[in-house]
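> Before we start, here is the structure in question, set down as structure tokens.
Number of protein chains: 2
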Amino acid sequence: MATTGGAGRPEKRKAITRAATTVFGREGYVRASMDAIAAEAGVSKRTVYNHFADKETLFLSVALRSAAELTERLGELMAKHLDRMVDPRRGLVDFAVERADAVLAAGEHGALGRAIRAEVANIPADVLEAWLEAGPAAAQRDLAERFAALAERGLLAVVDAELAAEQFTLLTFHGVAERSFWGALPVAGEEVERIAAAGVDAFLRIHGGPAAAVK
Amino acid sequence: MATTGGAGRPEKRKAITRAATTVFGREGYVRASMDAIAAEAGVSKRTVYNHFADKETLFLSVALRSAAELTERLGELMAKHLDRMVDPRRGLVDFAVERADAVLAAGEHGALGRAIRAEVANIPADVLEAWLEAGPAAAQRDLAERFAALAERGLLAVVDAELAAEQFTLLTFHGVAERSFWGALPVAGEEVERIAAAGVDAFLRIHGGPAAAVK
DNA sequence: GTCTATAGCGAGATAGAC
DNA sequence: GTCTATCTCGCTATAGAC
């Protein structure tokens with residue numbers, strides 16, 4: 000959102016956004032200080048204010064960027080596991096595990112998502128809408144399209160792809176997200192796999208095609 | 000957790016915890032000021048520090064209390080809707096709707112839960128454990144016991160009651176919690192009912208007994 | 001002309017003395 | 001219940017260095 004102008008070397012700007020991402024992710028919006036971000040970026044505080052009008056602008060800028068990056072990463076994971084899927088259970092479980100890792104791994108995008116969720120009451124409605132559209136909503140639409148394609152191929156018995164995508168995410172991801180407080184606390188890999196497997200089993204009982212019948 | 004001592008009139012203490020609950024819930028931990036809490040309680044700041052050693056102690060104290068109260072309230076809702084249940088779908092949907100209201104209604108316990116989730120990285124592990132035990136974990140165990148009893152009565156076909164309770168919560172509650180950012184943003188009542196109904200339908204496909212077969 | 005370094009302002013916080 | 005010491009914050013201003 001609205002930088003201060005075109006001023007400044009682009010490599011400095013990149014260092015600032017990188018630093019802001021890690022510091023906001025680690026400390027949250029209120030605790031993070033512009034001093035700490037400048038120090039982490041290895042630039043002077045004045046340079047930070049040369050590139051971004053104020054703290055809020057910087058935060059929303061990196062939050063939007065992080066959401067878009069995560070959406071892209073999740074799209075890659077879907078392509079890898081779902082597009083050429085043969086065994087529904089295996090493909091879905093593998094995707095669920097890798098998604099949980101991608102979103103919740105320490106120091107990654109999940110930390111900024113947690114900061115956004117903590118600040119939601121203080122974020123302008125239109126900016127929050129933009130974040131949702133670049134992040135969670137977009138990823139959810141991607142997944143729904145993939146599920147519709149899988150139904151086309153007879154691998155899932157999905158009638159409402161949006162609903163199926165929502166329920167898949169709830170059953171295989173949100174349990175882990177809640178346990179780890181969106182990545183703030185570590186969750187054992189085998190726990191992630193256990194939840195993913197149980198979630199996929201349940202999902203297939205709701206939306207599984209004949210080829211994916213569950214005992 | 001560890002107050003400063005037995006000093007002070009109990010009605011003042013109650014006013015302080017009430018005020019702290021609303022202010023922490025409204026502003027979050029970092030933004031909330033001890034001045035604002037003292038003003039909201041109608042006492043002097045000195046009185047606040049007479050009852051609670053510092054800001055963190057006060058916060059954790061009211062967070063624990065709120066979690067326990069919410070667990071009790073949820074237990075009442077379960078008793079009301081599940082113990083004498085006749086129609087599984089109706090009972091489960093009604094419970095899901097009232098639970099979402101109880102947890103996420105503006106200014107209620109959900110606000111403090113949101114504050115806790117935002118501060119999770121800065122909360123001592125043992126205190127966080129205590130909060131989980133008094134709140135979410137206890138409520139989840141209650142629900143599992145109820146589900147086991149319903150299976151006993153033939154109203155559900157549940158084999159793993161803990162898993163069923165977890166999946167019920169995911170399917171009927173977490174979608175609403177996520178949409179409203181744990182109560183920070185309003186969600187229309189009909190949206191809550193729609194999600195609850197779809198979640199219960201899915202749940203009954205996984206765990207429904209013969210009496211609750213879904214088309 | 002963009003950067004660094006530093007100093008400082010005004011506001012608001014915790015915490016505690018009186 | 002007031003009042004204040006001390007700290008840190010976001011942000012600005014003033015220097016000079018590459």
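Quick mapping for you: the protein sequence lines, in order, are chains A and V. Residues 0 to 214 (numbering that gives the first Met the number 0) are what the first sequence spells out, left to right. Residues 0 to 214 (numbering that gives the first Met the number 0) are what the second sequence spells out, left to right. C-beta: ideal position from N, C-alpha, C; glycine also.
#1: By the three-class DSSP mapping on this structure, what secondary structure does A1 of chain V have?
#2: Does any C-beta atom of chain V lie closer than 7 Å to the C-beta of L169 of chain A?
#3: Under the DSSP definition of a beta bridge, which residues are partnered with G207 of chain V?
#4: For L131 of chain A and A133 of chain V, what's the separation of their Cα atoms in angstroms?
#5: Find the residues of chain A that neighbour I205 of chain V, judging by a C-beta separation of less than 8 Å, and give them in chain order.
#6: I want to know whether the segment 188-206 of chain V touches the segment 81-100 of chain V - three or more CB-CB distances under 8 Å.
#7: Beta carbon of A143 of chain A, beta carbon of A164 of chain A: below 7 Å?
#8: Determine the chain A residues that contact E165 of chain V at a beta-carbon separation under 8 Å, and present them in chain order.
#9: Using a Cβ-Cβ cutoff of 7 Å, what residues of the segment 104-132 of chain A are near chain V? List them in chain order.
#10: Would a C-beta distance cut-off of 7 Å place D141 of chain V and G74 of chain V closer than the cut-off?
#11: Can you have a look at A60 of chain V and say buried or exposed, based on whether 16 or more other CB atoms are within 10 angstroms of its CB?
#12: Along chain V, which residues have their Cβ under 9 Å away from the Cβ of L149 of chain A?
#13: Could you check if E71 of chain V is buried or exposed, using at least 16 other CB atoms within 10 Å of its CB as the buried criterion?
#14: Please go through the same chain and pick out, in chain order, the residues whose beta-carbon is closer than 6 Å to the beta-carbon of R216 of chain V, but skip the five residues on each side of it.
#15: So, do the segment 149-159 of chain V and the segment 79-95 of chain V have three or more beta carbon pairs nearer to each other than 8 Å?
#16: Near T20 of chain A, what residues of its chain come up, given a Cβ to Cβ distance below 7 Å and the 5 sequence neighbours on each side ignored?
#17: Thinking C-beta only, is F180 of chain A closer than 7 Å to V102 of chain V?
#18: Out of A:D100, A:E68, A:R45, which has the shortest C-alpha to C-alpha gap to T171 of chain A?
#19: So, does the CB of F180 of chain A fall closer than 7 Å to a CB anywhere in chain V?
#20: Can you check the segment 87-127 of chain V for any alpha helix (DSSP H) of at least 4 residues that lies completely inside it and give the ranges in chain order?
#21: Taking A40 of chain V as the reference, give the member of V:I205, V:I15, V:P185 with the closest Cα.
#22: Select from A:L76, A:V186, A:K54 the residue whose C-alpha is nearest the C-alpha of F23 of chain A.
#23: Ordered along the chain, which non-local residues of its own chain (more than five positions away) have a Cβ less than 6 Å from that of A67 of chain V?
#24: On the DSSP letters alone, give me the boundaries of the alpha helix (DSSP H) that R25 of chain A sits inside.
#25: Can you pull out the residues from the segment 27-38 of chain V whose beta carbon lies closer than 8 Å to at least one beta carbon of chain A?
#26: Looking only at its own chain, which residues have a Cβ that is under 7 Å from the Cβ of A129 of chain A, when we skip the five neighbours before and after it?
#27: If you run the structure through DSSP and keep just helix, strand and coil, what is M84 of chain V?
#28: Examine chain V for any beta-carbon lying closer than 7 Å to the beta-carbon of A99 of chain A, and answer yes or no.
#29: So with CB distances below 9 Å, who are the chain A contacts of A183 of chain V?
#30: Exposed or buried, which one is V199 of chain A when buried takes at least 16 other CB atoms within 10 Å?
#31: Assuming A147 of chain V and I205 of chain A make a contact with CB atoms under 8 Å, what is their CB distance in whole Å?
#32: Look at the Cβ atom of A114 of chain V, then the Cβ atom of G182 of chain V, and state whether they are nearer than 7 Å.
#33: Excluding the 5 residues preceding and the 5 following L57 of chain V in the sequence, name in chain order all residues of the same chain whose CB lies nearer than 6 Å to its CB.
#34: For A197 of chain A, go through chain V and note every residue whose CB falls closer than 7 Å to its CB, in chain order.
Short version:
#1: For this step, residue 1 of chain V is matched to residue 2 along the second sequence. Low local confidence applies: a pLDDT of 43 at A1 of chain V is under 50, so the model's placement there is unreliable, with the coordinate-based value given in what follows. Correct three-state label for A1 of chain V: coil.
#2: Against the first sequence, residue 169 of chain A aligns to sequence position 170. It does: the Cβ of L169 of chain A has a partner Cβ on chain V nearer than 7 Å.
#3: As a working note, residue 207 of chain V is residue 208 in the second sequence. As a beta-bridge residue in DSSP terms, G207 of chain V pairs with V:L155.
#4: In the first sequence, the residue the question calls residue 131 of chain A occupies position 132. In the second sequence, the residue the question calls residue 133 of chain V occupies position 134. The straight-line gap from Cα to Cα measures roughly 32 Å.
#5: The residue given as residue 205 of chain V occupies position 206 in the second sequence. By Cβ distance, chain A contributes A201, R204, I205.
#6: Enough Cβ pairs lie closer than 8 Å, so yes.
#7: By one-based count along the first sequence, residue 143 of chain A stands at place 144. By one-based count along the first sequence, residue 164 of chain A stands at place 165. Yes.
#8: What you label residue 165 of chain V is simply residue 166 of the second sequence in a count that begins at 1. Correct list: G174.
#9: Contact annotation: in the segment 104-132 of chain A, residues whose CB is within less than 7 Å of a CB in chain V are R116, A117, V119, A120.
#10: Locating residue 141 of chain V in the second sequence gives position 142, counting from the first residue. Locating residue 74 of chain V in the second sequence gives position 75, counting from the first residue. The Cβ-Cβ distance between D141 of chain V and G74 of chain V falls below 7 Å.
#11: Here residue 60 of chain V refers to the residue found at position 61 of the second sequence. Sequence inspection shows Ser at residue 60 of chain V; the Ala mentioned does not correspond to that position. A residue is called buried when at least 16 other Cβ atoms come within 10 angstroms of its Cβ; S60 of chain V meets this threshold and is buried.
#12: Start at 1 with the first residue of the first sequence, and residue 149 of chain A comes out as number 150. Correct list: empty, because the minimum Cβ distance to chain V is about 18 Å.
#13: Indexing the second sequence from 1 puts residue 71 of chain V at position 72. Exposed: under 16 other Cβ atoms inside 10 Å.
#14: What is shown of chain V runs 0 to 214, which leaves residue 216 of chain V out entirely.
#15: As far as the Cβ criterion goes, the segment 149-159 of chain V touches the segment 79-95 of chain V, which means the pair count is three or higher.
#16: In the first sequence, counting from the first residue as 1, residue 20 of chain A sits at position 21. Only V61, S65, L111 meet the Cβ criterion.
#17: As a first step, residue 102 of chain V is located in the second sequence; it is residue number 103 there, counting from the start. As a first step, residue 180 of chain A is located in the first sequence; it is residue number 181 there, counting from the start. No, Cβ-Cβ distance for V102 of chain V and F180 of chain A is not below 7 Å.
#18: Residue numbering aside, residue 171 of chain A sits at position 172 when the first sequence is read from its first letter. A:D100 is the residue among A:D100, A:E68, A:R45 whose C-alpha sits nearest the C-alpha of T171 of chain A.
#19: As a position in the first sequence, residue 180 of chain A is number 181, starting the count at 1. Output row for F180 of chain A: interface = yes.
#20: The qualifying runs are 87-103, 108-117.
#21: What you label residue 40 of chain V is simply residue 41 of the second sequence in a count that begins at 1. Answer by Cα proximity: V:I15.
#22: In the first sequence, the residue the question calls residue 23 of chain A occupies position 24. The closest CA to that of F23 of chain A, considering only A:L76, A:V186, A:K54, is found on A:K54.
#23: Residue 67 of chain V sits at position 68 when you count from the first residue of the second sequence. Cβ within range, chain order: A133.
#24: Walking along the first sequence from the start, residue 25 of chain A turns up at place 26. If you look at R25 of chain A, you'll find it in the alpha helix (DSSP H) that goes 9-30.
#25: Those residues of the segment 27-38 of chain V placed with their C-beta closer than 8 Å to a C-beta in chain A are G27, V29, R30, ordered along the chain.
#26: For the purposes of this step, residue 129 of chain A is taken as residue 130 along the first sequence, with counting starting at 1. Beyond the five residues adjoining it in sequence on each side, A129 of chain A comes within less than 7 Å, by CB distance, of L63 in the same chain, given in chain order.
#27: Position 85 of the second sequence, counted from the first residue, corresponds to residue 84 of chain V. Coil at M84 of chain V, not helix or strand.
#28: In the first sequence, residue 99 of chain A corresponds to position 100, counting from 1. The Cβ of A99 of chain A sits no closer than 7 Å to any Cβ of chain V.
#29: Against the second sequence, residue 183 of chain V aligns to sequence position 184. In chain order: R116, V119, A120.
#30: Against the first sequence, residue 199 of chain A aligns to sequence position 200. When all chains shown are included, V199 of chain A counts as buried.
#31: Taking the second sequence and counting its residues from 1, one reaches residue 147 of chain V at position 148. Taking the first sequence and counting its residues from 1, one reaches residue 205 of chain A at position 206. Not quite, the Cβ-Cβ distance comes to about 22 Å (not below 8 Å), so this is no contact.
#32: Here residue 114 of chain V is taken as the residue at index 115 of the second sequence, counted from 1. Here residue 182 of chain V is taken as the residue at index 183 of the second sequence, counted from 1. Result no, Cβ atoms of A114 of chain V and G182 of chain V do not sit closer than 7 Å.
#33: Mapped onto the second sequence, residue 57 of chain V falls at position 58. Excluding positions up to five away in sequence, the list reads A19, F51.
#34: Locating residue 197 of chain A in the first sequence gives position 198, where the first residue counts as 1. Neighbours of A197 of chain A in chain V, taken as residues at a C-beta separation under 7 Å, are given in chain order as L162.
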